[in-house]
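S.K.: At position 662 of the sequence shown (counting the first as 1) the number is 664 in the numbering used here, and the numbers step up by one without a gap. Yeah, the Cβ is synthetic: ideal placement off N, Cα and C, and Gly gets one too.
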Amino acid sequence: MIAQSTAPLHDEGLQFPVAFGHNKTDVDLQLKTLTLEDMAALFSKFREGKEGKKEGDKNGPYIIPAKFGDNYRNSDNIRTWSVATLDLDDKVFATEAMIREQLSGLVYFAHTTHRHLIKVPRVEMWRVYLPYNQPVPPSLHEKIQARLNALFPGTDDCTEKTMQFFYLPSHWPGMGHEARSFNTLGEGELLNPLTFDPAPVKGASRPDEWDGSAPGDKTPKTPGQYSDWLGKMLEGDNLHGNATAVTASMVSRGLDDATIMSVFQAWRPTLEEARDLERVQALFGGELQRLIDGARRFIAKNEPAPGKDFDDFVLSQTADAMEAEMDADKYVIARMAIFGQSTVFYGDSNMGKTLLTIHQVAQQIEAGEIDGSQVYYVNADDHGRGVVQKQHLAEKYGFKMLVPGREGFQANMLRPLLQARVKAGRGGGCVVILDTLKKFTDLMSKREGTAWGNISREFVSAGGTLAALAHTNKHKDDDGNSIYAGTADVVQDCDCAYIIELVDDDIGTRTVVFRNIKARGDVDRKRAFSYTLDVPYPEMFDSVQVIEDQVLERSRERKVFADTLAKHHDAIMHIQSLIREGVTKRRALIDRGYRNTNFSRAFITEVLDEHSGDNLLQGHRWKCSKGPKNSLLYSLLSGGSESCTTGTTEMGESRSAEEWES
Numbered sequence: 003m004i005a006q007s008t009a010p011l012h013d014e015g016l017q018f019p020v021a022f023g024h025n026k027t028d029v030d031l032q033l034k035t036l037t038l039e040d041m042a043a044l045f046s047k048f049r050e051g052k053e054g055k056k057e058g059d060k061n062g063p064y065i066i067p068a069k070f071g072d073n074y075r076n077s078d079n080i081r082t083w084s085v086a087t088l089d090l091d092d093k094v095f096a097t098e099a100m101i102r103e104q105l106s107g108l109v110y111f112a113h114t115t116h117r118h119l120i121k122v123p124r125v126e127m128w129r130v131y132l133p134y135n136q137p138v139p140p141s142l143h144e145k146i147q148a149r150l151n152a153l154f155p156g157t158d159d160c161t162e163k164t165m166q167f168f169y170l171p172s173h174w175p176g177m178g179h180e181a182r183s184f185n186t187l188g189e190g191e192l193l194n195p196l197t198f199d200p201a202p203v204k205g206a207s208r209p210d211e212w213d214g215s216a217p218g219d220k221t222p223k224t225p226g227q228y229s230d231w232l233g234k235m236l237e238g239d240n241l242h243g244n245a246t247a248v249t250a251s252m253v254s255r256g257l258d259d260a261t262i263m264s265v266f267q268a269w270r271p272t273l274e275e276a277r278d279l280e281r282v283q284a285l286f287g288g289e290l291q292r293l294i295d296g297a298r299r300f301i302a303k304n305e306p307a308p309g310k311d312f313d314d315f316v317l318s319q320t321a322d323a324m325e326a327e328m329d330a331d332k333y334v335i336a337r338m339a340i341f342g343q344s345t346v347f348y349g350d351s352n353m354g355k356t357l358l359t360i361h362q363v364a365q366q367i368e369a370g371e372i373d374g375s376q377v378y379y380v381n382a383d384d385h386g387r388g389v390v391q392k393q394h395l396a397e398k399y400g401f402k403m404l405v406p407g408r409e410g411f412q413a414n415m416l417r418p419l420l421q422a423r424v425k426a427g428r429g430g431g432c433v434v435i436l437d438t439l440k441k442f443t444d445l446m447s448k449r450e451g452t453a454w455g456n457i458s459r460e461f462v463s464a465g466g467t468l469a470a471l472a473h474t475n476k477h478k479d480d481d482g483n484s485i486y487a488g489t490a491d492v493v494q495d496c497d498c499a500y501i502i503e504l505v506d507d508d509i510g511t512r513t514v515v516f517r518n519i520k521a522r523g524d525v526d527r528k529r530a531f532s533y534t535l536d537v538p539y540p541e542m543f544d545s546v547q548v549i550e551d552q553v554l555e556r557s558r559e560r561k562v563f564a565d566t567l568a569k570h571h572d573a574i575m576h577i578q579s580l581i582r583e584g585v586t587k588r589r590a591l592i593d594r595g596y597r598n599t600n601f602s603r604a605f606i607t608e609v610l611d612e613h614s615g616d617n618l619l620q621g622h623r624w625k626c627s628k629g630p631k632n633s634l635l636y637s638l639l640s641g642g643s644e645s646c647t648t649g650t651t652e653m654g655e656s657r658s659a660e661e662w663e664s
């Protein structure tokens, strides 16, 4: 039994927040709560999946056993975890008896997974869900997952990822009779994250790290010791993958090629009996030597040479020499994107992020602040006419445009091109604008986000400049502000980031504000622009203007005014009709206002108070006066017809843009 230090027995009425999705591409989650009994039913019901070698064969409904801030699938939205999970695939050789032994004393739900008994040899494959006895923050959840995984050598460590979903039970076509599930409800305790500390199990570390020695020990081992480990590593059917892992570990511990070869040769007869003869012959016919050579190249690249110390890596270039290689402190986009930095602009579709970025870069080129011939706009998110429009601008202002599928360029060439610039010492002065970033990296993947961050950091460290455009999440935060789409890695790894918010979209002109969410250097915390809508692209481009703070504030007020009238429109019309019918007392208006309608009493009261006054231009539609016995009576304002909700004069005439600005 796993010691947990007086973890409480489970509560039958306990609720566990979880999230569901329809399939792996579905990021709009259904947020629900489950009881233990709900889980017992959920994890014992199997659907028939498809037959295939890729993930598509099991693609279907999934669960993320966590509480989310909103219903968008993003690691930043996870507040707490409700359940820990084990993914026991073909490298574990798990059985029901083994699961029961290792998890004795805990409440859990276990079911076979899609490829259970499909691989050769027929290997059992299980998933186990262990509910927590309390909400668990993500950082602690990852540690608990690592401890659980250590109980089963070879466990898939995907469960330790910040964002991981799990397919609901399914079975291979025609294999429903082999699908199994069981649970230990009533037999144990919920997992206590504060006291859970399983006893160490021999071989419990990752199988590609453990060989019977203490963790981190790189002492050279004897061939016999390695051959024992090799036997365990080759129990699965992935001969190449297991051989790669064992070879890399041998090389890292200092074994020479001859010793490694002898270890593998000792197992050759066994492998030929257990595996396809042709596959084994390929391993010993040259593949093994390539694995050894590849491991040595990797280690040589990522480990210091023998005898090297900190002093060997201290910078030898003087600060003056380094400054000479860097560009002067100037802006690629005035007051927002600094030369030699990585900047990301997040905005909703059709918000104008491309228009405004190109316009502001063009302004800097015209002002002589940057060299247009060193500006590369990578347009990977445009239609044919849009490409032509951008090419006109490129020819006019002297920057260069790259388009995937044109002139032999492809999106996957970007990273090698950036690295080539760095290697050749040609990063300085080079400005690369990416439209949009999702075409070059997976914004939903932490691993991809980290890899992109490393490449972009190398480029800007060499004097290059990156400006990337990306989308916002369709959901807002609690304050109604836009939030960036994807994981936090891109924002964490860049130098500067802005989110573009809509301020006003009235009278044919759109006003937006760039709101800074990360800064390194002297950049504006907010910067606003306006541009004309519904005109040809060249005119729209020429209409872009920087908006001063006072004008921006008036635009914000107009937006709030218009939004409030739009939100209250139906209730205003209803109250106006009641007043015309002679219902003028406050209590009667509120009572009649919400009865037989979809309005709440509180909402009718809010609208009645919000639009009470004597100034139509401030949104007032009726005025209040005292009646007999201190009663409150309401009467309509002249010209207050709700047919004009965007602001009218008392004569009913529309107010012009110039009047609004005054």
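Applying the 10 Å Cβ sphere with the 16-neighbour rule, what's the burial state of E550?
M.R.: Result: exposed.
S.K.: Is the stretch 87–106 in contact with the stretch 28–43, if contact means three or more CB pairs nearer than 8 Å?
M.R.: No: the two stretches stay apart, fewer than three of their Cβ pairs being nearer than 8 Å.
S.K.: Check for me: the beta strand (DSSP E) holding Q32 runs from which residue to which?
M.R.: Element bounds for Q32: Q32 to L36.
S.K.: To the nearest angstrom, how far is the alpha carbon of V537 from that of D506?
M.R.: Taking the straight line from one Cα to the other gives about 17 Å.
S.K.: To the nearest angstrom, how far is it from the Cα of R208 to the Cα of S251?
M.R.: Unreliable placement is indicated for R208, whose pLDDT of 35 sits below 50; no coordinate value is reported for it.
S.K.: Using only the alpha-carbon positions, how far apart do E580 and L504 sit?
M.R.: The sequence shown places Leu at residue 580, rather than the Glu named in the question. Approximately 36 Å between the Cα atoms of the pair.
S.K.: Residues in the same chain with beta-carbon distance under 7 Å from R337, minus the five sequence neighbours each way, listed in chain order, please.
M.R.: Counting only Cβ-Cβ distances below 7 Å, and skipping sequence neighbours, we find V525, D526 and R529.
S.K.: Quick check: the stretch 450–465 against the stretch 415–434, are at least 3 beta-carbon pairs closer than 8 Å?
M.R.: Yes, since at least three Cβ pairs between the stretch 415–434 and the stretch 450–465 fall closer than 8 Å, the two stretches touch.
S.K.: According to DSSP, simplified to helix, strand and coil, what is E1?
M.R.: The chain is shown from 3 up to 664; residue 1 falls before or after that span and cannot be answered.
S.K.: I'd like to check one pair, G466 with G621: are the Cβ atoms closer than 9 Å?
M.R.: Their beta carbons are not under 9 Å apart, which means G621 does not touch G466 by this criterion.
S.K.: Assuming T1 and I262 make a contact with CB atoms under 8 Å, what is their CB distance in whole Å?
M.R.: Residue 1 is absent from the model: the chain starts at 3 and stops at 664.
S.K.: Can the beta-carbon of V82 be found less than 9 Å from the beta-carbon of P133?
M.R.: According to the sequence as given, residue 82 is Thr; it is not Val. No. Outside cutoff.
S.K.: Can you give me the Cβ contacts of K476 inside the same chain, cut-off strictly under 6 Å, excluding the 5 residues immediately before and after it?
M.R.: Taken in chain order, the list of residues that qualify is empty.
S.K.: Between I435 and A469, which are expected to be in contact by the criterion C-beta below 8 Å, what is the C-beta distance as a whole number of angstroms?
M.R.: Correct: roughly 5 Å between the Cβ atoms.
S.K.: Nearest to G354 by alpha carbon, out of S532, T566 and G386?
M.R.: Among S532, T566 and G386, the Cα nearest to that of G354 belongs to S532.
S.K.: Taking DSSP's pairing of strands, which residues face K93 in a bridge?
M.R.: In DSSP, K93 forms no bridge with anything.
S.K.: Quick check on DSSP: helix, strand or coil for D437?
M.R.: Strand.
S.K.: To test your reading of the DSSP string, which unbroken beta strand (DSSP E) runs of 3 or more residues are found completely within the stretch 288–364?
M.R.: You should have 333–335 and 344–349.
S.K.: Could you tell me which uninterrupted alpha helix (DSSP H) segments, each at least 4 residues in length, are contained entirely in the stretch 371–414, listed from first to last along the chain?
M.R.: Whole alpha helix (DSSP H) segments, 4+ residues: 386–399.
S.K.: Starting from the C-beta of K69, find all residues in its chain whose C-beta is less than 6 Å away, skip the five residues before and the five after it, and write them out in chain order.
M.R.: Taken in chain order, the residues that qualify are P19, R81 and T82.
S.K.: Per DSSP, what are the beta-bridge partners of G23 in this structure?
M.R.: DSSP lists Y64 as partners of G23.
S.K.: Would you call the CB atoms of T164 and E144 closer than 9 Å?
M.R.: Taking 9 Å as the Cβ cut-off, T164 and E144 qualify as a contacting pair.
S.K.: At the level of alpha carbons, what is the spacing between A152 and L88?
M.R.: Straight-line Cα distance between these residues: approximately 10 Å.
S.K.: Starting from the C-beta of G374, find all residues in its chain whose C-beta is less than 7 Å away, skip the five residues before and the five after it, and write them out in chain order.
M.R.: Contacts found: I367, Y399, G400 and F401.
S.K.: Determine the direct distance from the alpha carbon of S84 to that of T489, and round the result to whole angstroms.
M.R.: Going from the Cα of T489 to the Cα of S84 covers about 21 Å.
S.K.: Tell me whether Q547 sits in a helix, a strand or coil according to DSSP, three-state version.
M.R.: Q547 falls in the strand class under three-state DSSP.
S.K.: Beta-carbon separation of Q136 and P67 under 9 Å?
M.R.: Not in contact: Q136 and P67 (Cβ atoms no closer than 9 Å).
S.K.: Consult DSSP for W454 and reduce its assignment to one of helix, strand or coil.
M.R.: Three-state result, W454: helix.
S.K.: Using only the alpha-carbon positions, how far apart do Y64 and A21 sit?
M.R.: Their Cα atoms are separated by approximately 8 Å.
S.K.: Taking buried to mean at least 16 other C-beta atoms within 10 Å of its own C-beta, is P308 buried or exposed?
M.R.: Result: exposed.
S.K.: Put L119 into one of helix, strand or coil per three-state DSSP.
M.R.: Correct three-state label for L119: coil.
S.K.: To the nearest angstrom, how far is the alpha carbon of A382 from that of V405?
M.R.: About 6 Å.
S.K.: Taking the alpha-carbon of R603 as reference, which of R589, T359, V138 and G410 has the nearest alpha-carbon?
M.R.: Checking every option, the nearest Cα to that of R603 belongs to R589.
S.K.: Check the DSSP bridge columns for D506 and list the partner residues they point to.
M.R.: Answer is T513.
S.K.: One question on the structure: do G523 and I372 come within less than 9 Å of each other, judged by their Cβ atoms?
M.R.: It is not a contact, given that the beta carbons lie outside the stated cut-off.
S.K.: Using a 10 Å radius around the Cβ and a threshold of 16 neighbouring Cβ atoms, would you call V562 buried or exposed?
M.R.: Exposed, by the Cβ-count rule.
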